[in-house]
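First comes the structure, then the notes that go with it.
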Amino acid sequence: GGGPVRGAVRDPFAGTVADAAADLLPEGVFCVDRLGTVVYANPRAVRLLGRPRARLLGRSLWEAVPWLDQAAYEDHLRGALLSPDPVRFHVRRPPDASRRAAPRPYEGDWLAVSVYPGPDFLTVTLRPANRVADASAGLTPEHGAPEDTPGPEAGGPAPPVTTTAPEYRPIVLAVALTEAVTARQVSEVVVRELLSAFGGRRLAIYLLQDRHLHLAWETGFPPGFLAPFEGVPLDARLPGVETLTSGRPLFFDSMRALASAYPGIPLDAAEGARAFLPLIASGRPVGSCILGFERSRGFSTEERTVLTALAGLIAHAMEKARRYESETALARGLQEVLLPRRLPAHPLLETAGRYLPGTQGLDVGGDWYDVVASGDGMALVIGDVQGHGVQAAATMGQLRSAVRAFALGDRPPDEVMSGVNHLLADLDPGLFASCCYIRLDPATGRACAARAGHPPPLLRHPDGRTETLDLPGGVVLGVDPGAPYPLTEFAVEPGAVLALYTDGLVERPGTDIDEGITALRLALARVGAPAARPGNRSLAGVADRIVVSARHTADRPDDIALLLATRRARPGNPR
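Using the working numbering, the first residue of the sequence shown is number 2, and each one after it goes up by one.
Shown next as structure tokens:
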């Protein structure tokens, strides 16, 4: 049989009389959820699609029926998600798919498809059509191709059959752009949605900076062709510039028309059509978009209207992305300033800290670590402010300064946590934070700690045993101004390693945080302790080995902070 069925299979007709009724319908009927997973198919649909039912249910429609994996068909289905009315079109089956299912007579290459929107599912009906333009099949030019229009190749996209799908293209693009946060991500969405929707082969996006246009993204152009246009000023007589300065889109049905309007302009092809679209957001110039086609073609009034609307969406998305990247650069600069450049030295204590930003987007989080001289001891601090961006980084800076002030005053850990908690509640930034604070006397190894909603620290003993320290904690900072923070005492032997970390190092989607803590504890045991003699393996090397896998992880949803500390024995005294 087929491969394993993946995903949750939900049959909307299960357990009802409708199940048997749908199985008897003369039309093929199948249902897909909003992610495109097939959740139901009646026997007639199975036959018309040429796939066993077990190969359909629980699979993406495009995976289950590869010859439907065409941009035009996907565009129709996406339009149906947003349309109040059914969307109708035709598809042409490959001959082997049409005949595979059957002892019954062959029913033709074409299928008439109707997609009915619903709150949770799209219901799709199928019926055979001998030919899209065949009047005997009851299909008028309104529903199919004109009588003299040749059909596409088997398995290829059928001609567009409704005018509703183009109307929904701005909505489809807008939905896709909501997930894009950087200029690169916006450009990737535009390439994917715009080129496939209009049959374009080349696309370039220029962004305005200091009254010059700079290339942000391009695809399909000959190598080096766009280089002379990099950084052109706004007074240059070029269509990509003038569409922005005038605010009007420019359409050229052929390269000859483009050369006639702009004599001497370099051309990247002898044939083709071009559209130059202004990217303007709320009256503010953002840049321009160039769309290229391999063959000469006209642009209908509807296409010009839709492309102009799409350009406005792209402009707003690009402007948002540039603000986001500017804010991220500011947040990253704040964090780099606020994280300690170097940790204080102590003859009996070695420390090492590491910070890794998340990889999803460019957001900077509020993780921090610090080491502060506190009386005759050293304060080891790690914390995590909720959220990302400038506000999280700024709040982190305020908390770090407050913790340092309390530590320099030699306050016990429970009072430090209470004081910082009051401060964050008074500031009321709308954010909360977790924190772990350990005061360690390097001479005696006596340690006392308080914890505010933060993952518990780990301790590696000199003999290689590791444990998760049992530190009763209080609630996160900034939630309850009167919350208590219990004080816990423990001992740290010479050669033992303390590990403080943020949740980004131990949390993974779909796994329990306790599993991550256990994995970190085992890693701490495995990498070993630093050598006692200077010049041998350092604590910094231990820290690097702990974060090495996270450093090379492409999909890291949260930032990571790690602080390690180890006691050194007094000279001449191994204990």
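For each residue, glycine too, the CB sits at the ideal point set by N, CA and C.
Chain C within 8 Å of residue i, Cβ atoms only
i, result
"Asp515", "Reference to chain C is not applicable here, since this structure consists of a single protein chain."
Close-in-space but distant-in-sequence residues of the same chain around residue i (CB under 8 Å, 5 per side omitted)
i, result
"Leu204", "Val191, Val192, Leu195, Leu196, Trp218, Glu219, Thr220, Gly221, Cys290, Ile291, Leu292 and Gly293"
"Pro1", "Because the chain in this structure spans residues 2 to 576, residue 1 falls outside the shown range and cannot be described."
"Leu523", "Thr467"
"Ala184", "Leu208, Ala217, Trp218, Met319, Ala322, Arg323 and Glu326"
Cβ-based neighbour list, residue i, same chain, cut-off 7 Å, excluding 5 preceding and 5 following
i, result
"Pro223", "Asp269"
"Gly517", "Val507, Glu508 and Arg509"
"His462", "Glu494 and Ala497"
"Pro87", "Ser115, Val116 and Tyr117"
"Ala98", "With a pLDDT of only 48 at Ala98, under the threshold of 50, the placement of this residue in the model should not be trusted; the figure read from the coordinates follows. For Ala98, where only same-chain residues beyond five positions count, the Cβ hits under 7 Å are Gly51 and Trp68."
Short Cβ contact (8 Å threshold) for residue i with residue j
i, j, result
"Leu350", "Arg569", "yes"
"Val493", "Leu441", "yes"
"Leu278", "Ala310", "no"
"Ser297", "Gly273", "yes"
"Cys437", "Leu501", "yes"
"Ala282", "Ala316", "yes"
"Ala181", "Asp76", "no"
"Gly59", "Arg45", "no"
"Gly288", "Leu227", "no"
"Val386", "Tyr370", "no"
"Leu39", "Ala65", "The question names Leu, yet the displayed sequence has Val at residue 39. Yes."
"Gly446", "Val476", "no"
"Gly479", "Leu432", "yes"
"Leu214", "Gly241", "yes"
"Asp577", "Leu472", "Since the first and last residues shown for the chain are 2 and 576, residue 577 lies out of range."
"Arg305", "Phe252", "yes"
Where the alpha helix (DSSP H) through residue i begins and ends
i, result
"Leu523", "Ile514 to Val528"
"Thr246", "Pro240 to Ser247"
"Trp63", "Leu62 to Ala65"
"Pro358", "Here Pro358 belongs to no alpha helix (DSSP H), and DSSP marks it neither H nor E."
"Pro44", "Pro44 to Leu50"
"Arg301", "This sequence places Ser at residue 301; Arg is not what is there. Here Ser301 belongs to no alpha helix (DSSP H), and DSSP marks it neither H nor E."
"Ser289", "Looking at the DSSP string, Ser289 is not in any alpha helix (DSSP H); the run it does join, the beta strand (DSSP E), is Arg285 to Phe294."
"Val190", "Ala184 to Val191"
"Ser255", "Element bounds for Ser255: n/a, residue is neither H nor E."
"Ala55", "Arg54 to Leu57"
Sequence-distant residues of its chain with Cβ nearer than 6 Å to residue i (five each side left out)
i, result
"Leu123", "Val33, Ala81 and Val116"
"Ala42", "Phe31, Arg54 and Leu57"
"Val417", "Phe407 and Tyr438"
"Glu490", "Cys449"
"Gly37", "Ser61 and Leu62"
"Ala426", "Gly479 and Pro482"
"Arg571", "none"
"Glu295", "Arg202 and Gly273"
Neighbour-count burial assignment, residue i, 16 or more Cβ in a 10 Å radius
i, result
"Val549", "exposed"
"Ala72", "exposed"
"Thr503", "buried"
"Ser188", "buried"
"Ile514", "exposed"
"Arg285", "exposed"
"Thr352", "buried"
"Arg212", "exposed"
"Thr244", "buried"
"Thr126", "buried"
"Thr150", "Note that Thr150 scores a pLDDT of 33, beneath 50, so its modelled location is shaky; the value from the coordinates is reported in the next line. It is exposed - the Cβ of Thr150 has fewer than 16 other Cβ atoms within 10 Å."
"Glu303", "exposed"
"Glu231", "exposed"
"Val543", "buried"
"Pro482", "exposed"
"Leu400", "buried"
"Ser419", "buried"
"Pro456", "buried"
"Ala434", "buried"
"Ser375", "buried"
"Pro348", "exposed"
First and last residue of the uninterrupted beta strand (DSSP E) at residue i
i, result
"Val125", "Phe122 to Ala130"
"Arg428", "The sequence given here has Leu at residue 428, not Arg. Leu428 -> not in any beta strand (DSSP E); alpha helix (DSSP H) instead, spanning Pro414 to Leu428."
"Cys208", "Looking at the sequence itself, residue 208 is Leu, so the reference to Cys does not match. Residues Arg203 to Gln210."
"Glu219", "His213 to Thr220"
"Arg342", "Premise fails: Arg342 is in no beta strand (DSSP E) and is neither H nor E."
"Pro279", "Ala274 to Ala282"
"Arg461", "Leu459 to Arg461"
"Pro118", "Trp111 to Pro118"
"Gly29", "Gly29 to Asp34"
"His91", "Val88 to Arg93"
"Tyr502", "Val498 to Tyr502"
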